[in-house]
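Novice:
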Amino acid sequence: MSHAKYSVINTPVHNIDGVAKVTGRATYTFDVTLPGMLYGKILRSPHPHAKILNIDATRALELPGVKAVVTGKDTLGIKQGIWRRYEELCDEQILPLEKVRYIGEPVAAVAAVTEEIAEAALDLIDVDYEVLPAVFEPLEAIKKEAPTIHEGVERNVNVTRHIEWGDVDEAFEEADYIREDWFKCSGQHHMCMETRAAVSSFTPDGKLTVWTSTQSAYYHQALLAGVFGLRDGDVRVLAPYVGGGFGGKFEIDSAQFCSGVLSMKLHKPVKIVLTREEDFIASKRRTPMFYYVRTGIKKDGTFCARESRMFSNGGAYTGMGATALYLSGFFHSFPYKWRGYRYDGYRVYTNTMPSTSMRGFGAPQAMFCSEQQIDWICADLGLDPFEVRRKNGHTEGYEVPGQAFIASCGLEQCINEIEKWVKSKGKLPANRGIGISSCGFMSGGIFNWFDSPYSFSSAVVTINFDGTVELHVGCQDIGQGSNTTMAIIAAETLGVKIEDIKVHSGDTDHCPADLGAWGSRQTLMAGNAVKMACEDAKKQLLEFAYAEMGINIVYDLDIKDRWVHIVARPERGLPYGDLVKKALRGKDGQRIVGRGYYTPHRKGMISPAYSYMMQAVDAEIDPETGKIKIYEVMTAHDCGQPINPLGLIGQLEGAASMALGYAYLEDMPFEDGKMMNPNLVDYKVIKAPEMPKTDIIEIDTYEPEGPYGAKEAGEGLTNPTAAALGNAVFNAMGIQMKELPITPERILKALREKKEQEAQK
Amino acid sequence: MEKQLLRFKVNGDEYEVYINPKTLLAEVIRDHLGFTGTKRGCETVSCGACTVNVNGFSVKSCSVLAIQCQDMDVTTVEGLEKNGKLSPIQRAFLDNGSYQCGFCTPGMLMSSTAFLEELKGEVPTEEKIRESIEGNVCRCTGYNSIVRAIDAVAQGKYKEE
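Written out as structure tokens, the structure is:
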């Protein structure tokens, strides 16, 4: 299908919030100040597992300037969680009443006239703990003799997930070769530049307003209403500019909860901004996973069966971790056709900070294991890794049995492009290798464990007398540029310019409900809602155009570049602005309003559409120090019809930096439950000098379910990189990296082991 | 501690503030003067979100005491734009999509501005450009679009308006 007909789509534009962001005008929750505002600080547990015997705040309350100290006793004690349909998965009391389950868990919060006084007051709160035995690793916590973290939860197993299709055992029987491996995938911190922050203001009329750094204003409205015993409609959540999310900002965090409790007690606005250290130790993180992978394959490279077991370190609470458990298991099969596939995932509670969703949502871990093992199998059998991926890869029209239907798929073209690119590099110098990895990702989840009574996405478009357009959406811009994407879709659909569109988002009082920014859902779901709303408004406008132009009713009318015209005779028409003015008079002065929504139906178990990609990483390893130098990351990518090309490049480059960080730099070592590097000196993220060249080849496909053929574009790109780097190390040095991150120490250890094995031979 | 009088210029205007001498420059800029464009993202002088220019040099405003800036000239992100016209690096950031969430952007712009001024027209290597923003963490963009923007300005593709 040709897409050249688009006026706005796939044309580079400045993000609509660009000027605000490059001039310092963009204000974040971090910048919000209200009259009479107090500052809150949170006292956190120094123990990984302990009973709270008593909390005495007498001394703190005596400190001048301290206005209140709250503990679990000041709350309704509601156990909350984001999987609201499942009571047993709502397991977290922020400010727990009885015991703490990880180091950093909130036990009390103070509000004072200054941040310094609030901070000083924390030292004056006396807490008596009874320290309990603790357990930190899932494979320990699942043992019979392990301490119980949540009463009644046997062996600390929080959630299990079984995925199976085909006759797995029979399919294994057909295999000529079976390989088994164990992998250990680390956690990773979202490390948003803006730490978690909230300003809560409860007023005597019983209404709560919360400014917060969130990925979903609607989720926070509903979740906060739930824990505070208010109606959703009495809670207004405002998301000003949001300083990053990456999957870490759509559950209730301690800044939101504690500022709310304090404000409800004091009837004053209370601001809490987590310090970087608090953000590291007491938010949530990418789920660490242990994977056992058994794969059966025929001599000719045909995949037969895969059987995997995964144990994830769930930390102290469920959060979004239950979703990561499912998605990891599903994407572990991606993007290949298995005759038989079986996955058993166990999410295990431990006395560490909870784990949750993070960009890729369990898939980067799954791909690290899967895509490396495929390369090792190819090496074992002398097969070509490109050919094997092509042979077994998803194709258009394929159905993942009982799980998903693949309506658009550019995987084969992605593989072909990357193969060409790798071959063009010729023979590489010693200690340098290129590794590849293919994968795919969802375009929004179809599941509703949150139990939202609203459409997954909604949009309302209003056309003013002067032709400007107010677009109200509930989807959340967290920096990924969704407001710009929605403005592009609206401008294209209405036939106006992008500067005609004003996007209103991030305010539950004025915007329709929407599940928000997670699972790569907004372009497809909110995009469809926006398209539908604009089509509704445009249809109303065109009704007036037919009357005004007095044309034969069999003609089609359209609007493009603010020109209302007959499609077959584009020169015959009238300016959009004139039409709007007339239409409003014809409607007794009412503005034109269009409404749209999207709720998935009959789209399988996971998502309405899937992106595909293959990535290659070119890296050199210093055999003396084990250090890695990355030269280039090359990606061939099928995201359907690109909507915002500049944003797409930004997503690719940003995903590469985050995924490379996961692959070889970022680690969260714990000792006795204590994170050892909770600061930006010791927690290493990619900085400009290490960032390699990143290029992209877009594969042209059209996704029928997506607005204008678009699908997921930003999150899935985090999935292939760690595996591709692992394969680069394998190709360069002949060592198999089964643990993340791929640090110099691990490389040196693997090189030593390889040498020893060779010496034994 | 007895408060002291700080007299200095911010974005071309004279300010006088009585401050505790322990107060950081970042706090005075944000909390006393209300220039909230300057951000803070760590407590360890590691992230660069608070970068401002003091007498033309880029400085992490969380690492200096405000009182050390007595009689000095401070520029924050709000001072880059002149009479509604964006500076070359601001325009290059827009054209290259060199920002996403925008939280690191003010600091990035200030580091880039100081770097470009120091160049005095010399065209830098890519490595030099990357080093110039080494102290600024960006979690969203992967830096390459920022490098392209700085390069474009250094190559003379953007003139002062």
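So the protein lines, in turn, are chains A and B.
Under this note's numbering, the first sequence is numbered contiguously, ending at residue 749.
Under this note's numbering, the second sequence is numbered contiguously, ending at residue 167.
Ideal placement from N, C-alpha and C gives every residue a C-beta, glycine not left out.
Assign methionine 537(A) to one of three DSSP states: helix, strand, or coil.
Specialist: helix
Novice: Show which residues of chain B have a CB atom less than 8 Å away from the CB atom of cysteine 366(A).
Specialist: Result: empty, since nearest Cβ-Cβ is about 30 Å, beyond 8 Å.
Novice: Spell out the partners DSSP gives arginine 13(B) in its beta bridges.
Specialist: Arginine 13(B) is bridged by DSSP to Glu22(B).
Novice: Mind checking who tryptophan 153(A) pairs with in its DSSP beta bridge?
Specialist: Tyr329(A)
Novice: Quick one: is aspartate 688(A) near chain B, going by C-beta distance under 8 Å?
Specialist: no
Novice: Which same chain residues, not among the five before or five after serine 151(B), have their C-beta less than 7 Å away from its C-beta?
Specialist: Asn102, Gly103 and Ser104
Novice: According to a CB-to-CB cut-off of less than 9 Å, which residues of the stretch 118 to 152 of chain B neighbour chain A?
Specialist: Glu133, Ile135, Arg136, Glu137, Ser138, Ile139, Glu140, Gly141, Asn142, Val143, Cys144, Arg145, Cys146, Thr147, Gly148, Tyr149, Asn150, Ser151 and Ile152
Novice: If we ignore side chains and look at the alpha-carbon of each, how far apart do glycine 423(A) and cysteine 357(A) end up?
Specialist: 14 Å
Novice: Quick check: is the beta carbon of serine 52(B) nearer than 8 Å to any beta carbon in chain A?
Specialist: yes
Novice: On the DSSP bridge list, what partners appear for tyrosine 27(A)?
Specialist: Ala100(A) and Lys259(A)
Novice: Find the nearest neighbour of isoleucine 35(B) within the set Lys15(B), Leu86(B) and Lys126(B), judged by alpha-carbon distance.
Specialist: Lys15(B)
Novice: If methionine 341(A) and lysine 272(A) are in contact, beta carbons under 8 Å, what's the gap, nearest whole angstrom?
Specialist: The pair is a contact, with the Cβ atoms about 6 Å apart (cut-off 8 Å).
Novice: With 8 Å as the threshold, decide whether the Cβ of glycine 108(B) is near any Cβ in chain A.
Specialist: yes
Novice: Can you give the Cα-Cα distance for glycine 303(A) and glutamine 68(A), rounded to whole angstroms?
Specialist: Each residue's CA atom was taken as its position, placing glycine 303(A) and glutamine 68(A) some 16 Å apart.
Novice: Helix or strand or just coil, what does DSSP make of glycine 628(A)?
Specialist: Three-state result, glycine 628(A): strand.
Novice: Determine the burial state of glycine 432(A): buried for a count of at least 16 other Cβ atoms within 10 Å of its Cβ, exposed for fewer.
Specialist: buried
Novice: For a cutoff of 8 Å on Cβ pairs, would you count glutamate 166(B) as touching chain A?
Specialist: no
Novice: Tyrosine 564(A) and glycine 551(A) - do their beta-carbons sit closer together than 8 Å?
Specialist: The sequence given here has tryptophan at residue 551(A), not glycine. Yes, they are a contact pair.
Novice: Is the beta carbon of proline 323(A) closer than 8 Å to that of glycine 771(A)?
Specialist: Only positions -11 to 749 of chain A appear in the structure, and residue 771(A) is not among them; the question remains open.
Novice: For the beta strand (DSSP E) that glycine 303(A) lies in, which residues bound it at each end?
Specialist: 291 to 303
Novice: Can you tell me the Cβ-Cβ gap for valine 23(B) and histidine 38(B), rounded? I've got them flagged as a contact below 8 Å.
Specialist: 5 Å
Novice: Given a threshold of 16 other Cβ atoms within 10 Å of its Cβ, counted over all protein chains shown, does alanine 701(A) qualify as buried or as exposed?
Specialist: buried
Novice: Consult DSSP for glycine 284(A) and reduce its assignment to one of helix, strand or coil.
Specialist: strand
Novice: For lysine 681(A), list the residues DSSP reports as bridge partners.
Specialist: Glu620(A)
Novice: Find the residues of chain B that neighbour histidine 625(A), judging by a C-beta separation of less than 7 Å, and give them in chain order.
Specialist: Neighbours of histidine 625(A) on chain B: none; closest Cβ ~15 Å, over 7 Å.
Novice: Mapping DSSP to helix, strand and coil, what is valine 119(A)?
Specialist: strand
Novice: Looking only at C-alpha atoms, which of Val83(B), Gly40(B), Pro27(B) and Gln74(B) sits nearest to alanine 120(B)?
Specialist: Val83(B)
Novice: In whole angstroms, what is the alpha-carbon distance linking histidine -9(A) and serine 204(A)?
Specialist: Any answer about histidine -9(A) is weak, because its pLDDT of 43 lies below 50 and its placement is not dependable; what the coordinates show is given next. Approximately 32 Å, taken between the alpha carbons.
Novice: Would you please state the rounded distance, in angstroms, between the beta carbons of valine 54(A) and alanine 100(A)? I believe it to be under 8 Å.
Specialist: Confirmed, about 5 Å.
Novice: My assumption, with CB atoms under 8 Å, is that methionine 663(A) sits in contact with isoleucine 82(A). Please give the rounded CB distance.
Specialist: So it is not a contact: roughly 19 Å between Cβ atoms.
Novice: By Cβ distance below 6 Å, which residues in the same chain neighbour arginine 154(B) in space, the five residues on each side in sequence not counted?
Specialist: Asn102
Novice: Where does histidine 460(A) fall in DSSP's three states?
Specialist: strand
Novice: Helix, strand or coil for glutamine 76(B), going by three-state DSSP, please let me know.
Specialist: coil
Novice: I want to see whether chain A comes within less than 8 Å of alanine 158(B), judged by CB atoms only; does it?
Specialist: no
Novice: Select from the stretch 38 to 66 of chain B all residues with a C-beta closer than 8 Å to any C-beta belonging to chain A, and list them in chain order.
Specialist: Phe41, Thr42, Gly43, Thr44, Lys45, Arg46, Gly47, Cys48, Glu49, Thr50, Ser52, Cys53 and Ala55
Novice: Using a Cβ cut-off of 8 Å (strictly closer), state whether leucine 115(B) contacts chain A.
Specialist: yes
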